[in-house]
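Residue numbers (the working numbering), protein chains in the order written: chain A, 29 to 479; chain B, 29 to 479. Accompanying notes for the structure given below.
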């Protein structure tokens, strides 16, 4: 195991891992994919074994309801990634000298703009962890399949609801007392060190961010092994999530239930061939006009990986999105302005998202609070970093994540789709599935990293 | 409003409401249905307007996994009720003389074996509560659509996962301070009175039971407006749900997450025509061999209702099921043995069910703990009543609900699909959707009614 280390240690190690895990990723025509094919009938793009994932069509209908202010009926179709299985994102924890450390992995993914990012100890598919003969290729997996240590986190959380259909992963943190061998690509880091790295662009990968967001809040009276943390992260943990909150958790849940009840969006899988508004060229499936993403194919050479060469389809966003969480202090307690966000690929269609989540250059669809964010003085921006989405499915999917403070006289009256919640309440909801979407979870992890 | 009243008052009122709401229900051939038809292509049974619900086909596949001990692959098809909208089940509360009362409705449903049962204040469909011009036919609805009072409960909960596809209703309790006119079929009852009625067969309907199960636990230090309650219901409320529990809520959630992750059942809508193992006669859609339910058609005459005559399809179970919750005291605290129960129609396939849920006369499939229940001395049976499932869709669907106490030396080691949870933990999970299934919720309501 590695001893506590300095920043320079880390930088050297991370640079070394990036060199060792060097990869080459090239876009290729679909015809150059090996093992992947368009189904003769449906046009769905799938692997000939039926494994991994497929790209299918999704038809979305939203009849519209005059009472939610959402306007008239809408209907559209789009490609969507279909990968119904549940994978494991697991971080192994262990306490050294009274300080909890987390075993992070330097992992290259073909979609990463910068090669290697820090990922959870384990990213495993269902077939990895349900097979009878365990072990094999995924290192440290047994800590999560057997749950032998103390389970700190174990909850299903959704992933990108506009790109994935019903995708969830099992977010886990398991604490062990065993001596664990540290393999080359792995390193023990404290929560403080990981949070410092969240202040850099594209270092902590999406899978790590979502697991971190689910970590229980340190109880001030209890262990303190994660260090002091930001005052937000601890101030009310001992007093329950409703402490100092504008709305009780019951009222917050009621707002969420009301939004779900009013959501009348339906989404059905349809053949990918001929979905309206999209066309397939030799190299991409692309919107005929504008649009948010394309489906492409890549060829990956990664000499250090178990499988050193492969091809696969990927989803490539057309532009970075903005995900911003605004907050203001109410009664001395920071309250985050969250949004009931409808996403067609979510299992239950609607989860809690950031205040603003949009393509900032889309002038046709300027969501509430985008202009408020734009009008804030620079010193109100508490966090502003570019982070990437999952590099195994998404190609160069960088988004801008912002946390900004509103004036103390900013109206607490908000439109029905928005609601105020304290960090303690969001963390309480993160103990359960299907409340906070992936962008909101990244922003919770970043909010906890604020100094 | 009605003043506090005696038991005899209630009995007189309830008998009177049964007389007034008298109805005649007759089974008829499908060809005598008015407005309902079998789709020419799919054979699905639906209303010509597309409203209400439809009966469709569901194909279920369970590949089976050697690691869960579930045996080999299984595949079957069945009819299923498809009613994707979310309705409201709302109970209005108001405090009189320091005691909280709940406005209950004497409501006849065609499937009820005894005509009238006590239901929530409001049972409304989505179209009722999203329409711009409110009011109209559903009395008291505005208290739930506007959420003007104190919201005590507001959560989506699932309904029968073997009979309904993805059906949820919004379970609500709203407390008002307004003077509320009490219409003929309505009556204010205390929680103590309602719980006493849970000790009779078929008085408190399913919709009322599920809403009651979601009521927050009375906090001993707080209001006390619901009366003293059973010691179980209050003992640890002030100390959090983990007080005295064998497993922490995090460990309980981890057990649940693990079971979900291992569940590989898929369920897809298919045309009702020609589903394997079922045949359609002029009067029913029935399993070719054995089976759990049939689809029938009924003609209803209910002179007191707004629509005094109609026809509709219903689902008629072939035999009563047994739903039993076993408990034992561990460290002085009762622990309930719950089961991770896979149900094909559930949105997420798996929820927490009773210890045993089965057709007790099915000798081919005797689940764990059925024989344990059978071996218990009669004085161990704390609750044993027949209660009905929803009478608007299910015809004479009576189930036997049992709560029984195990010996104090009963092994705490249980198979992976089962787990021990305190009442406080189950109540905490009931603040959220998709944890406890409808049978478990009925049993929680009954457990809280134990004296």
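A virtual CB, placed ideally from N, CA and C, is assigned to each residue, including glycine. It should be emphasised that the depicted structure is a prediction, and the values quoted were computed from it without experimental measurement.
Check, Outcome
"Distance CB(residue 83 of chain A)-CB(residue 341 of chain A) smaller than 8 Å", "yes"
"Within-8 Å CB hit, residue 279 of chain A to chain B", "yes"
"Cβ-based neighbour list, residue 312 of chain A, same chain, cut-off 6 Å, excluding 5 preceding and 5 following", "322, 324"
"Test: residue 109 of chain B CB closer than 8 Å to a CB of chain A", "no"
"Other residues of its chain near residue 284 of chain A: CB distance less than 6 Å, five sequence neighbours each side excluded", "none"
"Closer than 8 Å at the beta carbon, the chain B residues around residue 186 of chain A", "Per Cβ cutoff of 8 Å: no residues; residue 186 of chain A is ~11 Å from chain B at best."
"Under 8 Å between C-beta atoms of residue 268 of chain A and residue 127 of chain A", "no"
"Nonlocal neighbours in the same chain, by C-beta distance under 6 Å from residue 345 of chain A, ignoring five residues either side", "321, 425"
"Contact residues within the segment 75-86 of chain A, judged by C-beta distance below 9 Å to chain B", "none"
"Beta-bridge partners of residue 271 of chain B, as assigned by DSSP", "None; residue 271 of chain B has no bridge partner."
"Cβ-based burial, residue 337 of chain A [other Cβ within 10 Å; buried from 16]", "exposed"
"For residue 106 of chain B, the three-state DSSP class (helix, strand or coil)", "strand"
"Presumed contact (8 Å Cβ cut-off) between residue 114 of chain A and residue 191 of chain A, rounded CB distance", "Actually they are not in contact, since the Cβ atoms of residue 114 of chain A and residue 191 of chain A sit about 17 Å apart, beyond 8 Å."
"Residue span of the alpha helix (DSSP H) that contains residue 147 of chain A, given as start and end", "Element bounds for residue 147 of chain A: not the alpha helix (DSSP H) but the beta strand (DSSP E), 144-147."
"At least 3 beta-carbon pairs within less than 8 Å: the segment 351-369 of chain A vs the segment 462-479 of chain A", "yes"
"Cβ of residue 163 of chain B within 8 Å of any chain A Cβ", "Confidence at residue 163 of chain B is low in this model, with a pLDDT of 41, below 50, so its placement is unreliable and the value that follows should be read with caution. Residue 163 of chain B does not count as touching chain A."
"Residues in the segment 111-144 of chain A having any Cβ partner in chain B nearer than 7 Å", "114"
"Residue environment, residue 286 of chain B, which counts as buried when at least 16 other CB atoms sit within 10 Å", "buried"
"DSSP-derived helix/strand/coil call for residue 212 of chain A", "coil"
"Chain B contact for residue 151 of chain A (CB, 8 Å cutoff)", "no"
"Chain-ordered residues of the segment 190-220 of chain B with a beta carbon less than 7 Å from chain A", "198"
"Short CB-CB distance (under 8 Å) between residue 416 of chain B and chain A", "no"
"Chain B contact for residue 105 of chain A (CB, 8 Å cutoff)", "no"
"Proximal residues to residue 45 of chain A (C-beta, below 8 Å), its chain only, five neighbours per side dropped", "134, 144, 212, 213"
"Neighbour flag for residue 182 of chain B against chain A, beta carbons, 8 Å", "yes"
"Assigned secondary structure, residue 79 of chain B (DSSP; H/G/I helix, E/B strand, else coil)", "coil"
"Top-ranked residue by Cα proximity to residue 441 of chain B, from B:366, B:289, B:194, B:301", "B:366"
"Cα-Cα separation between residue 97 of chain B and residue 153 of chain A, rounded to whole angstroms", "Residue confidence is low: residue 97 of chain B scores 47 on pLDDT, short of 50, so the model does not pin down where it sits. No coordinate-derived value is stated."
"8 Å Cβ cutoff, residue 455 of chain A in contact with chain B", "no"
"Beta carbon of residue 408 of chain B nearer than 8 Å to that of residue 432 of chain B", "yes"
"Unbroken alpha helix (DSSP H) run spanning residue 462 of chain A, endpoints", "It is not in any alpha helix (DSSP H) - residue 462 of chain A carries neither H nor E in the DSSP assignment."
"Per-residue DSSP class, three states only, for residue 377 of chain B", "coil"
"Short Cβ contact (8 Å threshold) for residue 230 of chain B with residue 415 of chain B", "yes"
"Helix, strand or coil at residue 135 of chain B according to DSSP, with G and I counted as helix", "strand"
"Three-state secondary structure assigned by DSSP to residue 474 of chain B", "helix"
"Chain-order list of residues whose beta-carbon lies under 6 Å from that of residue 375 of chain A (same chain, five-residue window excluded)", "194"
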